[in-house]
Every structure is written in C-alpha cells, then in structure tokens.
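Colleague:
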Amino acid sequence: MYVPRPSRLNSTLTGAPVTYVDHFNDIAAYNIHLNVFEKAWAAWYAYLQNDVLATGIMSFVMHEVVYFGRALPFVIMDRIPYFRKYKIQAHKMPTLAEQWACARLVLLSHFTVELPQIWLFHPACQFFGLSTTVPFPSWYTMAWQIALFFVLEDAWHYWFHRVLHTPKMYKMIHKLHHQYSAPFGLAAEYASPLETMILAFGSVGIPVAFCALTKDLHVVTMYLWIVGRLFQAIDSHSGYEFPWSLHHFLPFWAGADHHDVHHEKFLGNYSSSFRWWDATMGTDIGSASEGAKKKQEKALLAQKEE
Ligand SMILES: [Zn+2]
Ligand SMILES: [Zn+2]
Numbered sequence: 082m083y084v085p086r087p088s089r090l091n092s093t094l095t096g097a098p099v100t101y102v103d104h105f106n107d108i109a110a111y112n113i114h115l116n117v118f119e120k121a122w123a124a125w126y127a128y129l130q131n132d133v134l135a136t137g138i139m140s141f142v143m144h145e146v147v148y149f150g151r152a153l154p155f156v157i158m159d160r161i162p163y164f165r166k167y168k169i170q171a172h173k174m175p176t177l178a179e180q181w182a183c184a185r186l187v188l189l190s191h192f193t194v195e196l197p198q199i200w201l202f203h204p205a206c207q208f209f210g211l212s213t214t215v216p217f218p219s220w221y222t223m224a225w226q227i228a229l230f231f232v233l234e235d236a237w238h239y240w241f242h243r244v245l246h247t248p249k250m251y252k253m254i255h256k257l258h259h260q261y262s263a264p265f266g267l268a269a270e271y272a273s274p275l276e277t278m279i280l281a282f283g284s285v286g287i288p289v290a291f292c293a294l295t296k297d298l299h300v301v302t303m304y305l306w307i308v309g310r311l312f313q314a315i316d317s318h319s320g321y322e323f324p325w326s327l328h329h330f331l332p333f334w335a336g337a338d339h340h341d342v343h344h345e346k347f348l349g350n351y352s353s354s355f356r357w358w359d360a361t362m363g364t365d366i367g368s369a370s371e372g373a374k375k376k377q378e379k380a381l382l383a384q385k386e387e
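For the sequence shown, our numbering gives the first residue as 82, with consecutive numbering after it.
In structure tokens form, the structure reads like this:
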C-alpha cells in the first residue's frame with residue numbers, strides 16, 4: 082500500500098495535488114520505498130479518482146501503442162530492399178495500400194468491439210480479485226506467472242485454432258484472418274470479432290481464471306503478459322525470419338518461422354507461441370527455414386546434375 086501525505090488524511094485539502102505531476106510528487110514524498118514505476122502507477126489512480134476509467138484508459142492506450150508500435154518497424158522494413166533477404170515470402174511483398182486497409186479494419190475492431198469490453202475489465206478485476214495497488218509483485222512472481230500464461234494460452238490457441246479450421250468454422254469465422262497468405266505484422270489481429278473473442282479468451286480469460294482460483298495476480302503482471310503476447314503475435318505474422326530470431330536460441334519457440342507456413346498452406350502449425358503441440362499431435366507442417374533449406378538443397382542438386 083502507498084501512504085497518502087498527512088494533509089490528505091484530513092478533509093482540509095489545502096494545497097491538495099491537482100495535476101498528474103502534483104500527485105506523483107505527493108506520493109513520491111511520502112513513499113520512498115516505492116520505485117518510479119510504482120509511484121507513476123499510484124499517481125495515475127490518485128489523479129483520475131476513478132479506477133474504472135484509470136484501468137480502462139491504461140489498457141486501451143497500452144494495447145494501441147504496443148500493437149502499432151511493434152508493427153511499425155516491419156512496415157518500414159518492407160520498404161527497405163536490404164531487408165528483403167530476410168522476408169520469408171519475398172515474392173509476395175504487401176503494398177502500403179494493403180497494410181493501410183488492414184490497419185483500418187484492426188482499428189475499427191479495436192474501437193467498436195474491444196473498447197466496450199475494456200471498460201468491463203476493471204469491474205472484472207475487482208470481482209475476480211486482481212490487484213491494482215502498489216507495491217507491485219516481485220519480478221520472480223511476475224516471471225513465473227507470465228511463463229505459465231504463455232504455456233496455457235498456447236494450448237488454448239492450438240485447440241481452438243484447430244476447431245476454427247474445420248470447414249464450417251473456417252468459412253464462417255476464420256477465413257478473414259487468412260486473407261493474407263503472406264502475412265505482415267499489422268495482420269496479427271486482422272480477424273472477425275467472433276474469432277477475436279474466442280482466441281482472446283486464451284490471453285485474457287486464462288489469467289483472470291487463474292486469479293479467480295489463486296487470488297494472486299496483479300494487473301501490472303497482466304499488462305506485461307499482454308505486451309509479451311502482442312510481441313509474439315506480431316512477430317509471428319511479420320513474415321521475417323532473421324538469424325537472430327528467438328527460435329534459433331529457444332528451439333521450441335514458434336515465431337514467424339512456424340506461423341508464416343500456416344498462412345501459406347492454410348493447414349497445420351496451429352499453435353501460437355511454441356512448437357510442442359503441433360509436434361506431438363502430428364500437425365507440424367515444417368518451418369520456413371526448413372523449406373528454404375530444402376529449396377537450396379534442391380537447387381544445388383539440380384546444379385550438380387547439369
Ligand atoms: Zn488459421
Ligand atoms: Zn495468423
């Protein structure tokens with residue numbers, strides 16, 4: 082908990098903080114044990130005096146900034162010929178017009194479908210016991226909870242994504258997401274509202290259910306998890322395979338190397354973050370780097386035979 086300064090404990094609020102900076106300084110003066118992020122967090126809630134609004138604005142802005150902020154470098158890379166050698170399906174480069182049309186639909190969905198739901202987030206947090214107070218949990222607690230959410234979300238995503246590929250569900254719901262057979266970062270959330278709801282349960286519903294059971298989850302942990310999940314989703318749709326891509330260091334990590342092939346072939350490679358579900362369930366259809374290697378080997382063989 083943070084301590085309000087003594088003057089605020091009385092009803093006589095002479096010199097009471099007005100601006101966000103006032104609140105920050107006020108909290109900083111009486112709570113030296115808090116770090117700068119915790120002070121900024123507490124000042125935000127104290128400044129707005131409305132927790133639903135405070136959590137709602139923070140959730141929405143964070144999502145927009147991280148989603149478009151992470152996708153932007155890929156939009157720029159698409160325009161720079163140097164990066165072409167890292168593009169998995171380099172013969173299908175998305176045009177700026179295509180990317181803009183995609184961003185427009187994503188934005189429309191964020192403002193019409195997501196925004197009203199985000200407003201329910203704080204009441205849901207209160208109901209299920211998610212904490213919004215300071216200090217934050219330890220780094221250790223945040224790390225193991227986020228790792229657990231990655232594993233659980235991946236399982237949810239794998240099975241529901243498979244269901245979305247049954248003929249009826251594909252036609253009704255999932256076809257929109259597959260409009261781009263060579264995906265790009267902005268297309269990560271290009272999907273029908275129904276699909277967003279089904280798959281977003283894995284990202285939002287699983288941590289909330291975890292908190293309902295354990296009564297041990299902070300909203301800041303939830304935000305860090307969502308940031309990680311957004312990075313994962315945008316990277317896996319980016320269409321870029323770099324020598325420094327994460328799967329080279331963590332072989333079970335999926336990344337664009339795994340998901341790009343799903344968009345190219347429409348079947349198999351259903352999971353989101355990891356490769357183990359596809360590997361054990363026999364739905365692994367190979368990776369982009371494997372495909373490229375095979376093509377190279379074939380070309381070399383053909384050269385030798387000539
Ligand atoms: Zn799919
Ligand atoms: Zn996709």
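Cβ coordinates follow ideal geometry from the N, Cα and C atoms, glycine included.
Note that this is a predicted model, so its numbers are computed, not measured.
Compute the beta-carbon to beta-carbon distance between Arg-151 and Gly-266, rounded to the nearest angstrom, for a pair I have assumed lies under 8 Å.
Modeller: As a position in the sequence shown, residue 151 is number 70, starting the count at 1. As a position in the sequence shown, residue 266 is number 185, starting the count at 1. Correct: roughly 7 Å between the Cβ atoms.
Colleague: Ser-319 and Ala-335 - do their beta-carbons sit closer together than 8 Å?
Modeller: As a first step, residue 335 must be located in the sequence shown, where it is residue number 254. As a first step, residue 319 must be located in the sequence shown, where it is residue number 238. Their beta carbons are not under 8 Å apart, which means Ala-335 does not touch Ser-319 by this criterion.
Colleague: Give the DSSP-derived three-state secondary structure of Ser-212 in the structure shown.
Modeller: For the purposes of this step, residue 212 is taken as residue 131 along the sequence shown, with counting starting at 1. Looking at Ser-212 - three-state DSSP - the assignment turns out to be strand.
Colleague: Met-223 and Thr-302 look like a contact to me (Cβ under 8 Å); what is the Cβ gap, rounded to whole Å?
Modeller: Start at 1 with the first residue of the sequence shown, and residue 223 comes out as number 142. Start at 1 with the first residue of the sequence shown, and residue 302 comes out as number 221. Going by Cβ atoms, the distance from Met-223 to Thr-302 rounds to 5 Å, so yes, they are a contact pair.
Colleague: Using only CA atoms, which one of Ala-269, Ser-262, Ile-254, Gly-286 lies nearest to Leu-275?
Modeller: In the sequence shown, the residue the question calls residue 275 occupies position 194. Among Ala-269, Ser-262, Ile-254, Gly-286, the Cα nearest to that of Leu-275 belongs to Ile-254.
Colleague: Say the cut is 7 Å; is the CB of His-318 nearer than that to a heavy atom of ligand 1?
Modeller: In the sequence shown, residue 318 corresponds to position 237, counting from 1. No, the beta carbon of His-318 sits no closer than 7 Å to any heavy atom of ligand 1.
Colleague: Work out the CA separation of Asp-103 and Ala-369 for me, nearest whole Å.
Modeller: The residue labelled residue 369 in the question sits at position 288 within the sequence shown. The residue labelled residue 103 in the question sits at position 22 within the sequence shown. Between Ala-369 and Asp-103, the C-alpha separation is close to 53 Å.
Colleague: With respect to the alpha helix (DSSP H) encompassing Leu-267, which residues constitute its N-terminal and C-terminal limits?
Modeller: Counting from one through the sequence shown, the residue named residue 267 turns up at place 186. No alpha helix (DSSP H) contains Leu-267, which DSSP labels as neither H nor E.
Colleague: How many angstroms separate the CA atom of His-242 from the CA atom of Leu-280?
Modeller: In the sequence shown, residue 242 corresponds to position 161, counting from 1. In the sequence shown, residue 280 corresponds to position 199, counting from 1. So the two alpha carbons sit approximately 8 Å from each other.
Colleague: Where DSSP assigns a beta bridge to His-299, which residues make up the other side?
Modeller: What you label residue 299 is simply residue 218 of the sequence shown in a count that begins at 1. Per DSSP, Ser-212.
Colleague: Applying the 10 Å Cβ sphere with the 16-neighbour rule, what's the burial state of Tyr-128?
Modeller: The residue given as residue 128 occupies position 47 in the sequence shown. Classification for Tyr-128: buried.
Colleague: Considering just the uninterrupted stretch of the alpha helix (DSSP H) at Met-174, what are its terminal residues?
Modeller: Taking the sequence shown and counting its residues from 1, the one referred to as residue 174 is at position 93. Careful: Met-174 lies outside any alpha helix (DSSP H) and carries neither H nor E.
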